[in-house]
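Comments concern the structure below.
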Amino acid sequence: MMCVPTAIFSRRVSEERIAEFHRFALDFNSLLDEMEEWQLRLQAKNAQLLAYRAT
28 MMCVPTAIFS RRVSEERIAE FHRFALDFNS LLDEMEEWQL RLQAKNAQLL
78 AYRAT
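Mapping the sequence shown onto our numbering, position 41 (from 1) lands on 68, and the numbers just tick up by one.
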């Protein structure tokens, strides 16, 4: 299974003065937050399944 480093989601787009780019940056960063949460939950679930399988 491929492991995606959590640090990949730690980078953010800087907010811009142009309204459209500012909104895009906010939306994109929000998406990165969600993806990071999903990845952490998936890793936790994977650890549970591996622990169950080891018993």
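Built from N, CA and C at the ideal position, the CB exists for glycine as well.
Helix, strand or coil: how does DSSP classify Ile45 here?
The residue labelled residue 45 in the question sits at position 18 within the sequence shown. It is coil, neither helix nor strand.
Quick one: what's got a C-beta closer than 8 Å to Met62's C-beta in the same chain, skipping five residues either side?
Reading the sequence shown from its first residue, position 35 is the one you call residue 62. Residues of the same chain with a CB within less than 8 Å of the CB of Met62, apart from the 5 flanking positions on each side, are Phe36 in chain order.
Beta-carbon separation (whole angstroms), Arg39 vs Asn56, contact threshold 8 Å:
Translated into the one-based positions of the sequence shown, residue 39 becomes position 12. Translated into the one-based positions of the sequence shown, residue 56 becomes position 29. That belief holds up - the Cβ atoms of Arg39 and Asn56 are roughly 5 Å apart, short of 8 Å.
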